[in-house]
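**Q** For the sequence shown, my numbering begins at 120 and goes up steadily by one.
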Amino acid sequence: MRTTGFLLLAFWGLHWSAHAAEVTVAVASNFSAPMQKIAQAFAQETGHKAQLAFGSTGNLYAQIRNGAPYQVLLAADDATPRKLEAEGLGVAGSRFTYAMGTLVLWSKQPGLVDEKGDVLRSGKFERIAMANPKLAPYGAAAAETLTQMGVLQALQPKVVQGENISQTYQFVATENAQLGFVALSQVMSDGRVAQGSSWVVPAQLHSPIRQDAILLTKGRDAPAAAALLRFLRSERARALLRSFGYAL
Numbered sequence: 120m121r122t123t124g125f126l127l128l129a130f131w132g133l134h135w136s137a138h139a140a141e142v143t144v145a146v147a148s149n150f151s152a153p154m155q156k157i158a159q160a161f162a163q164e165t166g167h168k169a170q171l172a173f174g175s176t177g178n179l180y181a182q183i184r185n186g187a188p189y190q191v192l193l194a195a196d197d198a199t200p201r202k203l204e205a206e207g208l209g210v211a212g213s214r215f216t217y218a219m220g221t222l223v224l225w226s227k228q229p230g231l232v233d234e235k236g237d238v239l240r241s242g243k244f245e246r247i248a249m250a251n252p253k254l255a256p257y258g259a260a261a262a263e264t265l266t267q268m269g270v271l272q273a274l275q276p277k278v279v280q281g282e283n284i285s286q287t288y289q290f291v292a293t294e295n296a297q298l299g300f301v302a303l304s305q306v307m308s309d310g311r312v313a314q315g316s317s318w319v320v321p322a323q324l325h326s327p328i329r330q331d332a333i334l335l336t337k338g339r340d341a342p343a344a345a346a347l348l349r350f351l352r353s354e355r356a357r358a359l360l361r362s363f364g365y366a367l
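Structure, rendered in structure tokens:
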């Protein structure tokens, strides 16, 4: 019986590994931490491996246009996947919203950022970080917020611009900027902002940060790519998204 059981386990192990494959995924910078957790869960559940590449949505789009071998894109907006679909670089009908992003004004200094964001009007800081609005949707949302509040022009000389939201976070985390606009997922731990002070930007101050996924044409016939997109809709993946502060 023990021998039979061992042989069955060996058979299923070989069967599972024979069907395991790899998918190359272009991932928006704000989604780096959640996606690493999701990739681990995906590998555990399916045997497939997700090879991840991170960057600003604008830069990832340029790489895809220039022939990068990505099979799936997880963007920080909905416009880029729609554009790729229209250009024939994304598979028609495969696009869907996998998460709604939340913008937060954050500082490592306790008490610097108040619960209404009035620190932006006071200007009592030397530098404020935000991602490049032309490349990063979170940067565009930050610029919209400052415009809606009527302080963009006054704060422009104090702005330190990151190429993507990860670099923007580093500016604030290293205190090269006293505060900055980052993704809530970057500063949330166990359901709350782990340190410093923060203001979750009200949704009405900027366009919705609708983050869409799309199957790229290079992944059209890749089972692992299709499996990853299915997994992103699973309850296991959605629970991980919620833990990082994403709306669904």
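All C-beta atoms in this analysis are idealised placements derived from N, C-alpha and C, irrespective of residue type, glycine included.
No experiment lies behind these values; they were computed from the predicted model shown.
Could you name each continuous beta strand (DSSP E) segment of 3 residues or more that falls completely within the region 282-350, going from the start of the chain to the end?
**A** DSSP runs (the beta strand (DSSP E)) wholly in the region 282-350: 298-302, 316-319, 328-334.
**Q** Look at the Cβ atom of Ala198, then the Cβ atom of Asn149, and state whether they are nearer than 9 Å.
**A** Residue 198 sits at position 79 when you count from the first residue of the sequence shown. Residue 149 sits at position 30 when you count from the first residue of the sequence shown. No. Outside cutoff.
**Q** Please report the Cβ distance between Gln297 and Phe244, rounded to the nearest whole angstrom; I am assuming they are in contact, meaning their Cβ atoms lie under 8 Å.
**A** Walking along the sequence shown from the start, residue 297 turns up at place 178. Walking along the sequence shown from the start, residue 244 turns up at place 125. Yes, they are in contact, since the Cβ atoms of Gln297 and Phe244 sit about 4 Å apart, within 8 Å.
**Q** Select from Leu179, Gly220, Thr165, Ala160 the residue whose C-alpha is nearest the C-alpha of Pro321.
**A** The count along the sequence shown starts at 1 and reaches residue 321 at position 202. The candidate whose alpha carbon is nearest that of Pro321 is Gly220.
**Q** Does chain C have any CB closer than 9 Å to the CB of Ala139?
**A** Although the question refers to chain C, the structure presented lacks it and comprises just one protein chain.
**Q** Could you check whether Leu171 and Leu179 sit closer than 9 Å to each other, using their CB atoms as the reference points?
**A** For the purposes of this step, residue 179 is identified with residue 60 of the sequence shown, where counting begins at 1. For the purposes of this step, residue 171 is identified with residue 52 of the sequence shown, where counting begins at 1. In this structure, Leu171 does not lie closer than 9 Å to Leu179 by Cβ.
**Q** Return the CA-CA distance between Leu359 and Met307, expressed in angstroms with no decimal places.
**A** Your numbering for residue 359 matches position 240 in the sequence shown. Your numbering for residue 307 matches position 188 in the sequence shown. Straight-line Cα distance between these residues: approximately 12 Å.
**Q** Starting from Thr165 and walking both ways along the alpha helix (DSSP H), at which residues does that stretch end?
**A** Numbered from its first residue, the sequence shown carries residue 165 at position 46. That run of the alpha helix (DSSP H) goes 151-165.
**Q** What are the start and end residues of the beta strand (DSSP E) that includes Leu368?
**A** The structure shown does not extend to residue 368, since the chain is modelled only from 120 through 367, so no value can be given for it.
**Q** Nearest to Thr143 by alpha carbon, out of Leu265, Ser326, Lys168, Ala205?
**A** Within the sequence shown, residue 143 is the residue found at index 24, counting from 1. Among Leu265, Ser326, Lys168, Ala205, the Cα nearest to that of Thr143 is on Lys168.
**Q** For Ser353, does the three-state DSSP call read helix, strand or coil?
**A** Residue 353 sits at position 234 when you count from the first residue of the sequence shown. Of the three classes helix, strand and coil, the one that applies to Ser353 here is coil, per DSSP.
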